[in-house]
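For reference, the structure discussed in these notes is given below.
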Amino acid sequence: MTEALQKTRFASEDFSPGALQVVERLQAHGHEAYVVGGAIRDLLLGNRPKDFDVATDATPEQIKQCFRNARIIGKRFQIVHVRAGREIIEVTTFRRGHEANPAGQAAQASQSGRLLRDNVYGTLKEDAQRRDLTINALYYDTSTHQLIDHLGGCADVADRSIRIIGDPADRYREDPVRMLRVLRFGARLQFELASDTAAAIAEHGHLLRDIPPARLFDEWLKLFMNGCSAPTFSLLHQFGLITQLMGEEVTDALDIQRASSLRMLALSNTDQRVADERPVTPAFLLAALYWPATERSARQLSDRGESPIPAMHSAGQQIVAAACQYLAIPKRFSLAMRDIWDLQPRLERMQPKKVKDLLAHRWFRAAFDLRLLREETHDLDNQCSHFWAAAQKQHPELVGSARQRRDDAPRRGPRPRRRPRNA
Ligand code: ATP
Ligand code: MG
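Just so it is clear: in the sequence shown, position 62 is 972 by the working numbering, and no numbers are missing.
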C-alpha cells in the first residue's frame, strides 16, 4: 500500500465539520474511515467540494451504532446517512466488485451484466476498484493526513483526464449510468476522456434503455442543473447519448438548425442563472429542450385543421408522454412544461382582455422567456415580446401572482384522527 500513499496535505478547514466528526467517530470506534471520492478530487483541483462522502470498513449496522442520527437507505447500494448539524454525510462500507464474489453473496447481475445489488463488502483496495473513475477513487485520512491512491487518480487529476476503472465495456455493462457520469465529469471539469473510456461509449449507449426512468431523471438533474448544462448537452449529443437519455423527440424539429440554437441558448441561459445564483427550474429547461418537437407536432395537427390552442395542448400531451418513456418527469414539472407550451399561442394573440389573466399565470415568466428564445433564434418578429414586456411594466404586481395566491392560501391542517371504532 505504501506506494499508493501521497504526501498531499489538506488543512482541516478544507473539510466540513460534519465530515471530520464522522471520520473521527468511526476511527474512535476502531474502524478505518476516509473522506472519499469527489471531495478529494475537488480539493486537489483547488475547488470547494459541494459535499463530503465517507468510506469505512464498518458495516451499515456498525455505522448506525456509532451515531445517534444515522439512517440506512438504499437497496441497490446500502448507504448510511449520518446527520451532523445541518449536514448529511453519506457513509458507505468498502465494497468489492461482483466478479470477485464468492458464490451466494449479495451482488446480483441482470442478463446484460447490469448490477442489481451490490452489497458485498471488501477492503479499501477492493472498494477503489469498484468505483467509477480513477479521479473518484481517492481516499483521505483526515487524522493522519494521508492520501491513498491505488489507481493513479492523482496523476489523472494532474493530466486532466477522465479514465474509467477497469475494462470500460464491462464497467458500462455493469452500470450504464457510468457513461453519463463520464460525460458529466468531462464537461463539468473540462477534462479529456481517456481514449478507451470514450471509445466504449458508442457501443454501449443503448444499454441506458435498461435503466429505470426514475434513476434517469435523477441523473438528468445532475447533468443539467449543475451550471454546466450547455457543454454537457453537447458532449451527450456528440456521443449519441442524448437520445438514449431523453428520446428522439429531443432532436426532433421543423428546422433542425434553429432548434439547435434555441436549445443551446436555453442551456447557456440556465448555466448563467446558476452562476448568478438565481433560481432555476427543470420545468423551463425541459420545456425549451422539447419545444421544437412540440411545435412540430402542433403544426402537424393544425395543418390537419385543428385550431392553434387545442393543437398545442394535444401536442404537449403527446410530447410529455413520449419524454416520460425515458425520464420519469415528476407531475409538477410535466404540468408546468405543458402550461409553458400552452401559453405560447395565447401570448401570440395579444388580446387586451386576457392580459391580466395571462400575466398572473403561474408560468407566465417562463412562457415569456421561451417566447424570447423563439424570437431570438427563429427570426420571429418581436412585436409579441414587446407587447408583453410593456404589460409587465404596467402591472408588475400581477406577474406570476397566481402562484403567490396559491402559496399564500392557508395550508390545510393535518386530517383529524379518526376515533377508534370501539373508543
Ligand atoms: P459530485 O461532486 O457530483 O458529488 P462525486 O464524485 O462525489 O461527485 P457522487 O455521485 O456523490 O459523485 O458519488 C460518490 C462516489 O461514489 C463517486 O466519487 C464514485 O467514487 C462513487 N460512485 C458513484 N456512482 C457510481 C457508479 N455508478 N459506479 C461506481 N462508482 C460510483
Ligand atoms: Mg458527492
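The C-beta atom is built at its ideal place from N, Cα and C for all residues, glycine as well.
Kindly examine the ligand ATP and report whether one of its heavy atoms sits closer than 7 Å to the Cβ of residue i.
i: Asn957; result: no
i: Asn979; result: no
i: Arg1091; result: yes
i: Ala1097; result: no
i: Val1087; result: yes
i: Asn1179; result: no
i: Asp1042; result: yes
i: Ala1334; result: The shown model of the chain, from 911 to 1333, leaves out residue 1334, and the question about it has no answer.
Let's test the definition: count the other Cβ atoms within 10 Å of the Cβ of residue i and tell me whether it reaches 16, buried, or not, exposed.
i: Ser1071; result: buried
i: Phe962; result: buried
i: Phe1127; result: buried
i: Ala1185; result: exposed
i: Gly940; result: exposed
i: Ser1217; result: exposed
i: Asp952; result: buried
i: Ala1010; result: Bear in mind that a pLDDT of 43 at Ala1010, under 50, signals an unreliable position, so the number given afterwards is only what the model happens to contain. Result: exposed.
i: Pro1324; result: Reliability of the predicted coordinates at Pro1324 is poor, the pLDDT of 46 falling under 50, and no value is obtained from them.
i: Phe977; result: buried
i: Asn1292; result: exposed
i: Asp1077; result: exposed
i: Asp1120; result: exposed
i: Gly1150; result: exposed
i: Ser922; result: exposed
i: Asp1289; result: exposed
i: Leu930; result: buried
i: Asp1069; result: exposed
i: Asp1181; result: buried
i: His1340; result: No answer is possible for residue 1340: the residues shown for the chain start at 911 and end at 1333.
The ligand MG and residue i: does the residue's C-beta get closer than 7 Å to at least one heavy atom of that ligand?
i: Gly948; result: yes
i: Asp961; result: yes
With a cut-off of 8 Å on the beta carbons, I'd call residue i and residue j a contact; round off their distance for me.
i: Leu1175; j: Leu1061; result: With 8 Å as the limit, Leu1175 and Leu1061 do not qualify as a contact, their Cβ atoms being about 40 Å apart.
i: Met1247; j: Ala1193; result: 6 Å
i: Ile1058; j: Ala914; result: 5 Å
i: Ile1075; j: Arg1083; result: In fact, because the Cβ distance is near 14 Å, the residues do not count as touching under 8 Å.
i: Pro1123; j: Cys1234; result: 7 Å
i: Leu1043; j: Leu1090; result: Leu1043 to Leu1090, Cβ: 12 Å. No contact.
Expressed to the nearest angstrom, what Euclidean distance is found between the alpha-carbon atoms of residue i and residue j?
i: Asp1252; j: Val1160; result: 18 Å
i: Ala1299; j: Phe1243; result: 25 Å
i: Ile1152; j: His1114; result: 13 Å
i: Leu1211; j: Pro1262; result: 27 Å
i: Ala943; j: Ala1163; result: 52 Å
i: Arg1336; j: Arg1275; result: Since the first residue shown for the chain is 911 and the last is 1333, residue 1336 is missing from the structure and cannot be characterised.
i: Gln1148; j: Leu1099; result: 17 Å
i: Gly1032; j: Ala1038; result: 10 Å
i: Glu1036; j: Val1030; result: 10 Å
i: Arg1328; j: Lys974; result: In this prediction, Arg1328 has a pLDDT of 48, which is less than 50 and means its spatial position is unreliable; nothing more can be read from the coordinates.
i: Pro970; j: Leu1048; result: 21 Å
i: Ile998; j: Pro927; result: 11 Å
i: Thr1003; j: Ile1045; result: 19 Å
i: Gly1157; j: Gly1137; result: 23 Å
i: Glu1187; j: Met1135; result: 12 Å
i: Ser1295; j: Arg1214; result: 28 Å
i: Arg1171; j: Lys1266; result: In the sequence on display, residue 1171 carries Ser and not Arg. Distance between the alpha carbons of Ser1171 and Lys1266 is about 32 Å.
i: Leu1117; j: Pro1086; result: 6 Å
i: Ala1277; j: Ala1232; result: 21 Å
i: Phe920; j: Cys1064; result: 14 Å
i: Arg1378; j: Asn979; result: Within the shown structure, residues of the chain are numbered from 911 to 1333, placing residue 1378 beyond reach of any answer.
i: Thr1095; j: Phe987; result: Checking the sequence shown, residue 1095 turns out to be Phe, not Thr. Going by the C-alpha atoms only, they are around 21 Å apart.
i: Ser863; j: Ala1198; result: Shown here, the chain extends from 911 to 1333; a query on residue 863 therefore has no answer.
i: Ala1281; j: Met1260; result: One point to set straight first is that residue 1281 is Arg, not Ala, in the sequence displayed. Distance between the alpha carbons of Arg1281 and Met1260: 13 Å.
i: Val945; j: Val964; result: 4 Å
Margin query: What ranges does the alpha helix (DSSP H) occupy inside the region 1040-1078, keeping only unbroken runs of at least 4 residues that lie completely in it?
Written below: If we require 4 residues or more, the alpha helix (DSSP H) runs fully inside the region 1040-1078 come out as 1063-1069.
Check: What alpha helix (DSSP H) runs, 4 residues minimum, are completely inside the region 918-945?
Finding: Segments of the alpha helix (DSSP H) lying fully in the region 918-945: 927-938.
Margin query: Could you tell me which whole alpha helix (DSSP H) segments of length 4 or greater appear in the region 1170-1256?
Written below: Look at the region 1170-1256 and you find these whole runs of alpha helix (DSSP H), each 4 residues long or longer: 1192-1213 and 1218-1234.
Notebook entry, point to check: In chain order, which continuous runs of the alpha helix (DSSP H) of length 4 or greater are located wholly inside the region 1096-1182?
Noted result: Runs of the alpha helix (DSSP H) inside the region 1096-1182: 1105-1114, 1123-1134, 1139-1148 and 1152-1156.
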